[in-house]
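In the numbering used here, the protein residues as written are 4 to 372.
From the three backbone atoms N, C-alpha and C, an ideal C-beta is built for every residue, glycine too.
These numbers were taken from a predicted model, which means no experiment stands behind them.
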């Protein structure tokens with residue numbers, strides 16, 4: 004009899020946790036009966052297939068400040084008769100714990116944590132409640148070794164702890180030829196000679212798009228023929244656009260919005276940048292860029308040092324240090340160095356971050372639980 008696994012996640016909007024969850028479900032759909040339970044109806048275009056949508060339940064109890072709703076949520080999950088519940092991050096884990104304590108949920112549950120930091124008072128409130136939810140879980144799963152080294156000494160542990168590093172489908176992210184890269188630039192309105200700096204990320208304050216604008220302004224003053232390509236949507240997009248105008252570089256910045264398929268845009272990039280200041284754990288977008296032979300420049304937080312061997316397959320810089328970011332970008336304007344980084348980037352992702360190994364680990368853990 005096929006075992007039923009229910010994922011509880013806040014929403015299915017664009018984000019690493021959402022993409023990670025859906026990726027596991029697609030890969031293991033033939034071995035488990037998966038259901039997704041979400042707290043709101045935000046679903047990114049192309050995030051889920053029709054089949055997954057049919058097995059997605061939208062909770063009808065939106066007010067999380069009402070504890071009675073927490074018990075109702077537990078009963079709603081229990082109605083699916085799961086063999087295992089997997090809670091994604093803080094709020095879902097707390098809700099599952101309440102369901103267990105109320106008697107509504109009796110099956111084992113696991114927790115997958117995607118963060119390395121907390122940015123708000125509300126976040127800390129939920130994190131405090133998150134601790135007992137993790138302690139009483141049947142398994143805690145980290146997605147990065149650095150993440151485990153950060154949280155575990157702070158008491159974030161469970162009766163079983165696993166670290167399963169993120170992975171991607173390397174076969175879908177192939178290295179374009181030089182001609183294909185030139186064509187990709189032309190198709191989005193750039194020229195083959197442009198030095199294209201790319202950032203694939205939701206527009207949120209911790210993603211630090213602003214810093215990249217300041218770095219671009221510096222490169223343009225030094226006569227580097229640079230263009231900046233932003234892929235994504237979010238709360239800080241409007242202020243990022245305004246800053247590009249204030250700096251007088253708007254004509255060198257391309258905003259293409261949220262994309263179902265990022266590969267044509269990665270193909271247009273000469274270098275990718277992730278200048279995050281917080282939360283970043285083990286970036287899927289960084290893995291995708293590197294798999295396509297695009298070297299990454301990353302702020303050295305979270306799992307960045309697990310992905311990047313500085314100077315070999317990419318470059319690391321201190322978070323918030325704009326001068327160091329500019330220096331890294333200038334190094335990547337030299338073709339032989341950049342191309343060498345790109346080749347090493349592809350090789351390292353193929354060797355260490357292929358999703359098949361990741362999915363097999365999740366299958367084994369789910370089976371055991």
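Within 7 Å, strictly: CB atoms of residue i and residue j
i	j	result
residue 211	residue 278	yes
residue 307	residue 199	no
residue 218	residue 332	yes
residue 349	residue 275	no
residue 293	residue 352	yes
residue 265	residue 231	no
residue 202	residue 176	no
residue 227	residue 130	no
residue 329	residue 318	no
residue 148	residue 166	yes
residue 322	residue 304	yes
residue 48	residue 263	yes
residue 101	residue 77	yes
residue 372	residue 111	yes
residue 344	residue 298	yes
residue 236	residue 261	yes
residue 117	residue 30	no
residue 51	residue 88	no
residue 155	residue 142	no
residue 206	residue 180	no
Same chain, Cβ closer than 8 Å to residue i, neighbours up to 5 away in sequence not counted
i	result
residue 220	250, 251 and 252
residue 188	194, 195, 197, 199 and 271
residue 28	10, 37, 39 and 55
residue 309	147, 148, 149, 168 and 285
residue 192	257
residue 22	50 and 287
residue 173	294, 352, 353, 356, 357 and 358
residue 282	118, 119, 120, 122, 209 and 305
residue 81	102, 107, 108 and 109
Supposed contact pair residue j and residue i - C-beta distance, whole angstroms, cut 8 Å
i	j	result
residue 113	residue 144	6 Å
residue 358	residue 316	Incorrect: roughly 19 Å between the Cβ atoms, too far for contact.
residue 150	residue 284	5 Å
residue 401	residue 366	Not covered by the structure: residue 401. The range shown for the chain is 4 to 372.
residue 123	residue 140	So it is not a contact: roughly 24 Å between Cβ atoms.
residue 273	residue 341	7 Å
residue 267	residue 190	7 Å
residue 325	residue 302	So it is not a contact: roughly 11 Å between Cβ atoms.
Sequence-distant residues of its chain with Cβ nearer than 6 Å to residue i (five each side left out)
i	result
residue 96	90, 114, 133 and 136
residue 59	39
residue 43	14
residue 368	165
residue 327	320 and 321
residue 98	73 and 76
Enclosing beta strand (DSSP E) for residue i [first to last residue]
i	result
residue 302	299-302
residue 37	36-41
residue 320	317-320
residue 199	198-203
residue 52	Counting along the chain, residue 52 falls outside any beta strand (DSSP E), and DSSP gives it neither H nor E.
residue 143	142-145
residue 258	256-258
residue 165	164-166
residue 233	229-234
residue 115	112-116
residue 3	Here the chain comprises residues numbered 4 to 372, so residue 3 is not present and cannot be evaluated.
residue 59	59-61
Span of the alpha helix (DSSP H) around residue i
i	result
residue 26	19-31
residue 275	No alpha helix (DSSP H) holds residue 275; the beta strand (DSSP E) holding it covers 274-277.
residue 222	212-224
residue 96	93-104
residue 6	Neither: residue 6 is in no alpha helix (DSSP H) and is coded neither H nor E.
residue 281	No alpha helix (DSSP H) contains residue 281, which DSSP labels as neither H nor E.
residue 345	338-355
residue 293	287-294
residue 243	240-249
residue 177	Segment: none, residue 177 is in no alpha helix (DSSP H) and carries neither H nor E.
Chain-order list of residues whose beta-carbon lies under 7 Å from that of residue i (same chain, five-residue window excluded)
i	result
residue 247	216, 253 and 256
residue 291	171, 176, 265 and 269
residue 105	74 and 77
residue 128	none
residue 61	41 and 44
residue 360	170
residue 178	295, 296 and 349
Any non-hydrogen atom of the ligand ZN within 6 Å of residue i CB
i	result
residue 177	The ligand content of the structure shown is nil, which means the ligand ZN is not present either.
Sufficient close CB pairs (3 or more, under 8 Å) joining the region 33-46 to the region 6-13: yes
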